[in-house]
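*Asks:* Sharing a structure here in structure tokens format.
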Amino acid sequence: MKKLSTINVLVENNAGILTRISSIFSRRGYNIESINAAVNGKGNKTRIIATISEEEELVRQVVKQIEKLEDVINLEIMDDKNFISREMLIVRLKIHKKDYLELNALTNLYKANIIDYSKEDLYLELTGDRDKVNDFLAIVSKYQIEDVTRTGITGIKKY
Numbered sequence: 129m130k131k132l133s134t135i136n137v138l139v140e141n142n143a144g145i146l147t148r149i150s151s152i153f154s155r156r157g158y159n160i161e162s163i164n165a166a167v168n169g170k171g172n173k174t175r176i177i178a179t180i181s182e183e184e185e186l187v188r189q190v191v192k193q194i195e196k197l198e199d200v201i202n203l204e205i206m207d208d209k210n211f212i213s214r215e216m217l218i219v220r221l222k223i224h225k226k227d228y229l230e231l232n233a234l235t236n237l238y239k240a241n242i243i244d245y246s247k248e249d250l251y252l253e254l255t256g257d258r259d260k261v262n263d264f265l266a267i268v269s270k271y272q273i274e275d276v277t278r279t280g281i282t283g284i285k286k287y
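Here you go:
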């Protein structure tokens, strides 16, 4: 049975490492739901967080292949018990005056931020776990969504 898995990889920040990791997924026909990579501030290291929806055995096979890459320092499959995850959403809504009070209440309820606005558009930013972002997006979808962007999941291991 498919389930969402989060893979946390620490690598040497060398050219092509993200391509090599993502090609391991694509060669097997696995779709990456989310991928986030950034230099982590500790020397020449990059943290890559990838999420895929696949059966556990297939995820373990992919992990074994990634671990064989020369630049990989550490790799872990994360779960909710040992990983704090966040995602950021920015959405541009076409608004009407009558909707403004309700949208303002929603932003307060979800602790979202109004990051810009004009007469016709409202730009909202929300940071939270995947469920919170999905819930907020579902609620604001009753308004006219003009554009949406999401960062993908990032996070940190809990000890």
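Residue numbers (this note's numbering): 129 to 287.
Don't be surprised by glycine CBs; every beta carbon is placed ideally from N, CA and C.
Here the structure is a predicted model, which is why all the values come from computation and not from measurement.
Residue range of the alpha helix (DSSP H) that L186 falls in?
*Replies:* Start at 1 with the first residue of the sequence shown, and residue 186 comes out as number 58. It spans 184 to 195 - the alpha helix (DSSP H) in which L186 sits, taken as one unbroken run.
*Asks:* Need the endpoints of the beta strand (DSSP E) that A165 sits in, please.
*Replies:* As a position in the sequence shown, residue 165 is number 37, starting the count at 1. Taken as a continuous stretch (DSSP letters only), the beta strand (DSSP E) holding A165 covers 160 to 167.
*Asks:* Can you tell me whether E184 is buried or exposed? The criterion is at least 16 other CB atoms within 10 Å of its CB, across all chains shown.
*Replies:* Here residue 184 corresponds to residue number 56 of the sequence shown, with the count starting at 1. So E184 counts as exposed.
*Asks:* Closest to G283 by CA distance: which of K239, I163, K173 is it?
*Replies:* The sequence position of residue 283 within the sequence shown is 155, counting from 1. Ranking K239, I163, K173 by Cα distance to G283 puts I163 first.
*Asks:* So who's on the other strand from N202, going by DSSP bridges?
*Replies:* Indexing the sequence shown from 1 puts residue 202 at position 74. N202 is bridged to L138.
*Asks:* Looking only at its own chain, which residues have a Cβ that is under 8 Å from the Cβ of V268, when we skip the five neighbours before and after it?
*Replies:* Within the sequence shown, numbered from 1, the residue matching residue 268 stands at position 140. Once the five neighbours on either side are set aside, the close Cβ partners of V268 are V219, L221, L231, L234, L252.
*Asks:* Classify V276 as buried or exposed, calling it buried when 16 or more other Cβ atoms lie within 10 Å of its own Cβ.
*Replies:* On the sequence shown, residue 276 is found 148 positions in, with the first residue counted as 1. By the 10 Å Cβ count, V276 comes out exposed.
*Asks:* Cα-Cα, which of Q193, R148, F264 is closest to I273?
*Replies:* Position 145 of the sequence shown, counting from 1, holds the residue named residue 273. Of Q193, R148, F264, the residue nearest in Cα terms is F264.
*Asks:* Pull up the CB-CB distance for I180 and I281, whole angstroms please, since I reckon it's below 8 Å.
*Replies:* For the purposes of this step, residue 180 is identified with residue 52 of the sequence shown, where counting begins at 1. For the purposes of this step, residue 281 is identified with residue 153 of the sequence shown, where counting begins at 1. That pair is no contact at about 11 Å.
*Asks:* Once DSSP output is grouped into helix, strand and coil, what is the label at D275?
*Replies:* Residue mapping note: residue 275 aligns to position 147 of the sequence shown, counting from 1. It is a strand residue.
*Asks:* When the Cβ atoms of the segment 132 to 144 are set against those of the segment 187 to 206, are three or more pairs found closer than 8 Å?
*Replies:* Yes, the segment 132 to 144 is in contact with the segment 187 to 206.
*Asks:* Taking 7 Å as the cut-off, decide whether the C-beta atoms of I343 and Q189 are in contact.
*Replies:* This structure leaves residue 343 out entirely; the chain is present only between 129 and 287.
*Asks:* Can you list, in chain order, the residues of its chain with a C-beta nearer than 7 Å to that of R148? Leave out the 5 residues immediately preceding and following it.
*Replies:* Along the sequence shown, read from residue 1 onward, the residue named residue 148 stands at position 20. Here the set comprises L197.
*Asks:* When you compare each of I135, A166, D208 to S259 by their alpha carbons, which one comes out closest?
*Replies:* Here residue 259 is taken as the residue at index 131 of the sequence shown, counted from 1. What sits at residue 259 in the sequence shown is Asp, not Ser. Looking at the Cα atoms, D208 is the closest of the given residues.
*Asks:* Can you pull the DSSP bridge partners for L217?
*Replies:* Locating residue 217 in the sequence shown gives position 89, counting from the first residue. Its beta-bridge partners are L254, R278.
*Asks:* Checking 7 Å against the spacing of the C-beta atoms, do D182 and Y158 come in under that value?
*Replies:* What you label residue 182 is simply residue 54 of the sequence shown in a count that begins at 1. What you label residue 158 is simply residue 30 of the sequence shown in a count that begins at 1. Asp is not the amino acid found at residue 182; the sequence shown has Glu there. Contact flag set, yes.
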